[in-house]
Amino acid sequence: MWGHLNSWRRKVFGRYHRSERGATAVEFALVAAPFFFVLGCICETGLMLFTEYVLQNAVQEASRQVRTGQVSASDGTLLMSSSAFKTSVCNNVKLLIDCTGKVTVYVNNAASFASLASSMADPLTIGGGSNSNVFSPGGKLKPAAVVATYDWDFVFPFMNFLGNVNGNDARRIYGLAIFRNEPF
Numbered sequence: 076m077w078g079h080l081n082s083w084r085r086k087v088f089g090r091y092h093r094s095e096r097g098a099t100a101v102e103f104a105l106v107a108a109p110f111f112f113v114l115g116c117i118c119e120t121g122l123m124l125f126t127e128y129v130l131q132n133a134v135q136e137a138s139r140q141v142r143t144g145q146v147s148a149s150d151g152t153l154l155m156s157s158s159a160f161k162t163s164v165c166n167n168v169k170l171l172i173d174c175t176g177k178v179t180v181y182v183n184n185a186a187s188f189a190s191l192a193s194s195m196a197d198p199l200t201i202g203g204g205s206n207s208n209v210f211s212p213g214g215k216l217k218p219a220a221v222v223a224t225y226d227w228d229f230v231f232p233f234m235n236f237l238g239n240v241n242g243n244d245a246r247r248i249y250g251l252a253i254f255r256n257e258p259f
């Protein structure tokens, strides 16, 4: 009796029992979602870091105008408005980010580097509506700082462990230049 049952079981289930067809598809289904999630997080992090590098380069290029006296006269009189200076920063990053609405530019000067360090705002507090009206490039031989910030909104879910503003839903990236104005 048991022999008959075993032969029937082999006949019905035999071809499926040892078959491994579809195992690859099942394994891929189990691994695909985490794989593509990690791949997306890597791509977004890379794009965010590239954007920060481009923003840093834009600040370096624009701060050269402050350093050489194209923004203010030797006595500190403004020759360029803050919006025109922001436009000069934005010209180098406009292909990557929305510069008009989300970039904040901060320019400040002081009598010495020590006083500049104590009076300069933390880059994480620049932007989001605060410290956005500081535009004081200073005159000749004055230490100055130029900071531009941008809030990167995350596309992939669960990336908020990299966030530092807006309840960790965004990361404030910035470009920074600290220098002494030339004797113009």
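According to the working numbering, the sequence shown holds residues 76 to 259 in order. Glycine included, every Cβ here is placed at the ideal spot set by N, Cα and C.
Taking C-beta atoms as the reference points, VAL146 and PHE160 count as a pair closer than 8 Å.
Sorting VAL141, CYS118, LYS169 and LEU114 by C-alpha distance to the C-alpha of ILE253 places VAL141 at the top.
Boundaries of the alpha helix (DSSP H) harbouring ASN132: 98–142, taken from the DSSP string. For PHE160, the enclosing alpha helix (DSSP H) starts and ends at 157–165. Taking 8 Å as the cut-off, the Cβ atoms of VAL164 and ALA223 count as close.
The continuous alpha helix (DSSP H) containing THR175 extends over residues 174–177. Of the candidates ALA185, GLY151 and MET195, ALA185 places its Cα closest to the Cα of PRO218.
Fewer than three pairs of CB atoms, one per stretch, sit closer than 8 Å, so the region 208–218 makes no contact with the region 233–247.
Less than 8 Å divides the Cβ of ASN183 from the Cβ of SER194.
DSSP places PHE188 in no beta strand (DSSP E) but in the uninterrupted alpha helix (DSSP H) bounded by 188–194. Residue state for LEU153 is assigned as strand, using DSSP reduced to three classes.
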